[in-house]
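See below for the structure under consideration.
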Amino acid sequence: MELRDPDADDGERIHEVVRSAITSAYSLSPDQIRTITDDRFGPDRIGQVADADDRVAVVAEDAIEGGDGDRTVVGYAEATVDDGDGEIRWLFVDPEHRGRGIGTGLFETVTEHLQEAGVDDPQAATLQANQAGHQFFDAFGYEEVDERRIEIADQTLVEYVFEKSATESEKSDRSAAEAETETETGGGSASDPDVDTDDESWAVTDFPDAEERDGQVVVTTDDGEEKYLDRDDPQTGREALFFPAYSDSQFDDRYGFYCGNCGSLDVQVDEMERSECTNCGNVHAAKDDHDASYL
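Quick note on numbering: the numbering used here labels position 142 of the sequence shown as 143, and the sequence is numbered without any gaps.
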């Protein structure tokens with residue numbers, strides 16, 4: 002995977018990635034999805050973003066399977082910059098490429114670009130319809146601090162705003178100071194493989210009955226078997242998210258789903274691709290089931 006700045010030639014592909022990502026993960030109607038993707042991520046607009054002084058954008062590019070070395074855009078992140086303030090506005094990963102750390106790479110890279118632009122602690126935002134957004138930002142030590150309404154073309158949508166918690170900000174300040182001191186005294190650095198960076202951004206705080214091991218979330222069944230959760234590819238649920246569970250850490254052998262509400266692996270999926278936790282009743286509705294409670 003390569004992370005780089007976007008250019009005008011990426012417009013069509015970024016538009017496709019955004020549409021696929023929103024369709025698979027957001028609780029929005031087809032009309033809302035079309036409005037957002039066309040208004041904010043039209044092919045012509047990407048070129049404008051790439052040239053704008055008040056925007057920071059990053060694309061993730063990866064090899065096409067069976068493509069003889071050809072590469073394609075598989076993720077996109079965009080942030081705003083305004084006189085020392087910055088906000089990560091959008092982050093999308095192609096559903097077919099989730100579970101590979103692409104979202105993490107995009108988030109960390111766009112954050113680095115913001116810091117280079119003079120933004121020490123950028124905020125982040127996501128639409129209310131993106132239930133996975135909370136989980137994602139929680140993993141990086143962010144907390145919700147505000148709720149606002151935004152206008153996109155003829156649509157009014159609710160958006161949540163996040164910022165790094167006070168504890169995480171203090172850790173970052175300490176780490177930066179320690180790194181500077183170590184550099185001045187010839188000590189180790191975060192890039193030194195022998196140094197334990199004590200990175201708690203992946204702490205398992207929202208996965209009931211799960212534990213973190215080597216950067217992965219692991220759940221143990223009643224029979225003592227270990228299952229690995231793909232937290233980059235969640236499904237929406239009425240009470241909490243569902244996460245794919247695998248029998249192996251490479252995510253090759255699919256086991257089923259894990260309920261983020263109660264921590265159970267007893268999740269049934271019907272012929273309409275609706276998931277239901279038999280333990281707590283948490284339900285995932287298929288994307289074409291746009292009733293009032295789902296939107």
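All residues carry an ideal CB built from backbone N, CA and C; glycine is no exception.
Going by beta carbons, C278 and P209 fall outside the 8 Å limit. In the displayed model, P245 falls within a strand according to three-state DSSP.
Looking from the CA of D55, the closest CA among D223, V146 and V82 belongs to V82.
Here A22 has F93, V94, D95 and P96 as same chain residues with Cβ atoms under 8 Å from its own Cβ, once five neighbours each way along the sequence are excluded.
Rounded to the nearest angstrom, the Cβ distance from E79 to V50 is 6 Å, consistent with a contact under 8 Å. V146 sits away from G76, with the two beta carbons spaced by 8 Å or more.
Pairwise C-beta distances place the stretch 108-117 out of contact with the stretch 34-49, as fewer than three of them are shorter than 8 Å. The three-state secondary structure of T24, taken from DSSP, is helix. For R101, there is no enclosing beta strand (DSSP E), as DSSP marks it with neither H nor E. DSSP links V120 through a beta bridge to no other residue. Annotated three-state conformation of L107 is helix, per DSSP. In this structure, N280 lies away from R239, with their beta-carbon atoms at least 8 Å apart. T110 is a Cβ neighbour of L4, given a cutoff of 8 Å.
Residues of the same chain with a CB within less than 6 Å of the CB of L158, apart from the 5 flanking positions on each side, are L128 and I151 in chain order.
The DSSP-derived three-state label of F93 is strand.
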